[in-house]
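Engineer: For the sequence shown, position 102 matches number 143 in the working numbering, and the numbering has no gaps at all.
Just so it is clear, CB atoms sit at the ideal spot from N, CA and C, and this is done for glycine as well.
One structure coming up, written as structure tokens, with questions to follow.
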Amino acid sequence: MARWLERFRNTVRRPARPKTTALAETFRESPSRTCTMPEDVTRLQGTLRDVIGLPNETPFYMLQVYRFLRDAIPDISDAVWTWKRLCQTGYDVEITQPSSPQAQRRAERILDDLNRRVNSGDRGMDGLLDIFYTSLFTYGAAAVEIVLSQSRESIWDVVPVDVWTVRFRRGKDGLEPFQVHEGREIPLPRERFVYVGLDRDGTNPYGRSMLRAIPFVIKIQQRLLEDMAKATHNAGWAKLHVQYRPEERQRGESVEAYHARIETNFAELRTKLSSLETDQNLVTFDNVSVSLIRGDQRSQVFYENHKAIEEQVITGMHLMPILLGRNYGTTETYGTAQFEIITRQVTAVNRCVKRLLERLYNFELALMWGSARAAVHMRSHRTADIVREAEARHREIENALLLRDAGFVSHEKAAESLGIKAS
42 MARWLERFRN TVRRPARPKT TALAETFRES PSRTCTMPED VTRLQGTLRD
92 VIGLPNETPF YMLQVYRFLR DAIPDISDAV WTWKRLCQTG YDVEITQPSS
142 PQAQRRAERI LDDLNRRVNS GDRGMDGLLD IFYTSLFTYG AAAVEIVLSQ
192 SRESIWDVVP VDVWTVRFRR GKDGLEPFQV HEGREIPLPR ERFVYVGLDR
242 DGTNPYGRSM LRAIPFVIKI QQRLLEDMAK ATHNAGWAKL HVQYRPEERQ
292 RGESVEAYHA RIETNFAELR TKLSSLETDQ NLVTFDNVSV SLIRGDQRSQ
342 VFYENHKAIE EQVITGMHLM PILLGRNYGT TETYGTAQFE IITRQVTAVN
392 RCVKRLLERL YNFELALMWG SARAAVHMRS HRTADIVREA EARHREIENA
442 LLLRDAGFVS HEKAAESLGI KAS
């Protein structure tokens, strides 16, 4: 017993563990995996039961319907065209963290060659981005594949992928993309396949097309236009109303002969009217009267109805009326406010493009001799009032200088608030 007590006294006591909150204990004991579950795919029917479906159980053939609507409906075609041109603001590439001046020049040359080489040389990076934006605003997603050279020392090409053929399934290592081509599944290399989904829902990997909200509205619009065309044709053109009063029956003429004579005269009259030229006049007996019927039906009802449907299409495409040639306000402020909202939406979309370009450029620079990084700066639209923008920037600089001179902020903080680097 004494020996046991002596050993207990000589034991080095460990410091007590600090007390932790219940929340910290929860995080410490939690396993290193996600507890939430992805979207359930057991609802899907068909041969590809393990394939993740589009949101709201939308069938995949709707992706091709979106393309048809974009090509056939003027309002949608104009909206996609407008979005694509608004987002093509251009960009600047900055080489950062070069290991040497030679590495920086080499990186600039490599990226310049890559810009001309991608998209199989068809307009290079500009052509690739044009296809990318068209797909993004039509299907809500766009994808490209990086093709390496045979030596695997550089990017040989970057080609667009038809997103309506892309499917995803969940595997052991995450999402597994593949293409459906002629009934076959073609796996896509995840490290060289880039998929950008617009307005994704939760764990669903597919993007959400803007056109998903308007097929029913488009159906009503086209039916309205068809009915309006028929009604306008009847109401918008003046017509001749020719009335033929048959002669009286002659003495001794049979009923059959009388009807035959009347029908012959009526047929001759119709023949003369159908062959009448624009500058010719009609001469008849007094038993034929000609009157002019003018269209008196107003088309205002059709215009108001079509205007209401058209506004639904504009809203569904996330556009403002002014960008499609409609402006319901009388002041400049109304149009300026719409344009400011659109520029913010363009900036949000171009952030995805910025990350895509930086991934491509840095992938290429990682394979070169030496080290360098690429940073992409997307250009933005200028405001509608350039003078007002310049005045606001001038006051912003003055306020930053006043805060610096008063000692409230440092020189570096003042420069950071202006978005510039302190020298």
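How about the region 448-456 and the region 170-180: do they share at least three Cβ pairs that are nearer than 8 Å?
Structural biologist: Touching, no, given that fewer than three Cβ pairs across the two stretches are closer than 8 Å.
Engineer: Checking the sheet assignment: what are the DSSP bridge partners for H418?
Structural biologist: D133, per the DSSP bridge assignment.
Engineer: Is the region 218-227 touching the region 164-171, taking contact as three or more C-beta pairs under 8 Å?
Structural biologist: As far as the Cβ criterion goes, the region 218-227 does not touch the region 164-171, which means the pair count is below three.
Engineer: For the region 396-407 against the region 187-197, do three or more pairs of beta-carbon atoms, one drawn from each stretch, fall closer than 8 Å, so that the two count as touching?
Structural biologist: In short, these stretches touch, since the Cβ pair count reaches three.
Engineer: So, helix, strand or coil for Y285, using DSSP?
Structural biologist: Strand at Y285.
Engineer: Who are the near neighbours of I334 in its chain, counting only those whose CB is closer than 6 Å to its CB and skipping five residues on each side?
Structural biologist: So the qualifying residues of the chain are K280 and H282.
Engineer: Can you list, in chain order, the residues of its chain with a C-beta nearer than 8 Å to that of N160? Leave out the 5 residues immediately preceding and following it.
Structural biologist: These residues qualify, in order along the chain: M166, G168, L169, I172, D198, V199, V200 and P201.
Engineer: Classify R188 as helix, strand or coil using the three-state DSSP reduction.
Structural biologist: In the sequence as presented, Arg is not what sits at residue 188; that position holds Val. Residue state, collapsed to three classes: strand.
Engineer: According to DSSP, which residues form a beta bridge with Y236?
Structural biologist: The partner list for Y236 (beta bridge, DSSP) reads A184.
Engineer: What are the boundary residues of the beta strand (DSSP E) that L216 is part of?
Structural biologist: Run containing L216: G215 to H222, per the beta strand (DSSP E) assignment.
Engineer: Where does V394 land, buried or exposed, given buried means 16+ other C-beta within 10 angstroms?
Structural biologist: So V394 ends up on the buried side.
Engineer: Which of the three DSSP states, helix, strand or coil, is assigned to R292?
Structural biologist: Correct three-state label for R292: coil.
Engineer: Measuring CB to CB, does L110 end up less than 8 Å from F101?
Structural biologist: No.
Engineer: Can you give me the C-alpha to C-alpha distance between A138 and E194, rounded to a whole angstrom?
Structural biologist: Rather than Ala, the amino acid found at residue 138 in this sequence is Gln. Going by the C-alpha atoms only, they are around 21 Å apart.
Engineer: Give me the Cα-Cα distance between D320 and E309, rounded to the nearest whole angstrom.
Structural biologist: Cα to Cα, D320 sits roughly 20 Å from E309.
Engineer: Whose C-beta lies closer than 6 Å to the C-beta of E381 among residues of the same chain, with five residues either side of it excluded?
Structural biologist: Excluding positions up to five away in sequence, the list is empty.
Engineer: Using 8 Å for Cβ pairs, my map puts N328 next to E288. What's the rounded Cβ distance?
Structural biologist: Confirmed, Cβ separation roughly 6 Å.
Engineer: Who are the near neighbours of G87 in its chain, counting only those whose CB is closer than 8 Å to its CB and skipping five residues on each side?
Structural biologist: Unreliable placement is indicated for G87, whose pLDDT of 41 sits below 50; no coordinate value is reported for it.
Engineer: Are Q379 and H359 touching if we call contact CB-CB under 8 Å?
Structural biologist: Cβ distance not < 8 Å, so Q379 and H359 don't count as in contact.
Engineer: Sorted by chain position, which residues of the same chain lie with C-beta nearer than 8 Å to R420's C-beta, five sequence neighbours on each side aside?
Structural biologist: Cβ neighbours of R420 beyond the five flanking positions: T130, G131, Y132 and D133.
Engineer: Indicate the three-state DSSP secondary structure (helix, strand or coil) for I461 in the structure shown.
Structural biologist: The answer is coil: DSSP assigns I461 none of H, G, I, E or B.
Engineer: Just the Cα atoms here: how many angstroms apart are V143 and I136?
Structural biologist: Checking the sequence, you will find Gln at residue 143 rather than Val. Computed Cα separation, rounded: 12 Å.
Engineer: Write down the C-beta distance between R233 and T99 rounded to the nearest angstrom, noting that I regard them as a contact closer than 8 Å.
Structural biologist: Not confirmed; about 28 Å, so no contact.
Engineer: Around the Cβ of R147, are there at least 16 other Cβ atoms within 10 angstroms (buried) or fewer (exposed)?
Structural biologist: When all chains shown are included, R147 counts as buried.
Engineer: Is the beta carbon of A441 sitting closer than 8 Å to the one on L459?
Structural biologist: Yes.
Engineer: From D112 to S316, what does the alpha carbon distance come to, in whole angstroms?
Structural biologist: Near 41 Å, if we compare the C-alpha coordinates of S316 and D112.
Engineer: Tell me where the alpha helix (DSSP H) around I427 begins and ends.
Structural biologist: Unbroken alpha helix (DSSP H) run through I427: I427 to D446.
Engineer: Name the two residues that bound the continuous beta strand (DSSP E) containing S118.
Structural biologist: Element bounds for S118: not the beta strand (DSSP E) but the alpha helix (DSSP H), P115 to C128.
Engineer: Going by C-alpha to C-alpha distance, which of I255, G224 and G181 sits closest to G248?
Structural biologist: Per the Cα distances, G181.
Engineer: Taking F178 as the reference, which of F209, N391, G215 and I151 has the closest Cα?
Structural biologist: Looking at the Cα atoms, N391 is the closest of the given residues.
Engineer: Let me know the secondary structure DSSP gives D198 once reduced to three states.
Structural biologist: Three-state DSSP puts D198 in a strand.
Engineer: Taking the alpha carbon of V235 as the reference point, which residue from V207, H300, A463 and A433 has its own alpha carbon closest?
Structural biologist: Cα-wise, what sits closest to V235 is V207.
Engineer: Rounded to whole angstroms, what's the CA-CA distance from D153 to C128? Just pull it up for me.
Structural biologist: Their Cα atoms are separated by approximately 22 Å.
Engineer: I'd like the list of long-range same chain contacts for F209, defined as Cβ closer than 6 Å, with 5 residues on each side in sequence excluded.
Structural biologist: Cβ neighbours of F209 beyond the five flanking positions: I93, L216, P218 and P246.
Engineer: Below 8 Å on the Cβ atoms is my guess for Q284 versus S330; work out the distance and round it to an integer in Å.
Structural biologist: About 5 Å separates the two Cβ atoms, so the contact holds.
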